[in-house]
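In the working numbering, each residue's number is its place in the sequence shown (first place is 1) plus 204.
Heads up, the beta-carbon is just placed ideally off N, CA and C, and yes, glycines get one too.
In what follows, a structure is listed as structure tokens, so that the remarks can point back to it.
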Amino acid sequence: MRVEEEGKVYDDINITPMLDVAYVLLLIFIIMTTATVQGITVNLPKASSTPSLSKPKTKAISITPDGSIYLDTYPVSIQELETRLAQYKAAIPDLPVIVKADASVQYQKVIEVLDVVTRLQISQLGLVTQKLVK
205 MRVEEEGKVY DDINITPMLD VAYVLLLIFI IMTTATVQGI TVNLPKASST
255 PSLSKPKTKA ISITPDGSIY LDTYPVSIQE LETRLAQYKA AIPDLPVIVK
305 ADASVQYQKV IEVLDVVTRL QISQLGLVTQ KLVK
């Protein structure tokens, strides 16, 4: 065996810092893609699967436990909801809409919102639920 000189140039590439940066960027990417969903936080009912919300043009209708209705993050009445959705539908004919209602909200409020969506002939509709834990 031979002992190397101390003055010899180290010519191997250390990839550990590069991998650290790659992992941090991956983590940031994952966090940012899950943060693109708009709306108000509500306690969702449980179901076996959840719809994909990857489209940025998706409009979120949230119904809070006290019956307040929000379009994205703005509080609206049923009439305002219909007016605004009609405007969005005129701009985007295949407008996707999701409805997030709290599990304790009155069923009538959800039906009123679904009636508005039906009147506007919005065919891409999703109901958001929590994933069922097995």
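Item, Value
"Cutting at 8 Å between CB atoms, please list the residues of its own chain near T268, excluding the five before and the five after it.", "I244, V246, Y274, D306, V309"
"Does DSSP put K259 in a helix, a strand or coil?", "Caution applies to K259, whose pLDDT of 45 falls short of 50 and renders its modelled position unreliable; the model cannot decide the point."
"To the nearest angstrom, report how far apart Q325 and L230 are at their CA atoms.", "39 Å"
"Rounded C-beta distance between T333 and P249? I'm assuming under 8 Å.", "5 Å"
"Cα-Cα, which of D224, K293, R323, N218 is closest to K261?", "K293"
"Give me the Cβ distance between D276 and A264, rounded to the nearest whole Å; I'm assuming they're in contact under 8 Å.", "6 Å"
"Is there a Cβ from chain C that is less than 8 Å from the Cβ of T277?", "Checking the listed chains, one finds no chain C in this structure; it contains a single protein chain."
"Report all residues from its chain with a CB closer than 8 Å to the CB of R288; omit the five preceding and five following residues, and keep chain order.", "L275, V280"
"Determine the direct distance from the alpha carbon of A226 to that of N218, and round the result to whole angstroms.", "14 Å"
"Grab the span of the beta strand (DSSP E) containing V314 for me, first residue to last.", "Run containing V314: none in the beta strand (DSSP E); it sits in the alpha helix (DSSP H), 311-323."
"Quick one: using the 10 Å Cβ neighbour count with 16 as the cut-off for buried, is L299 buried or exposed?", "buried"
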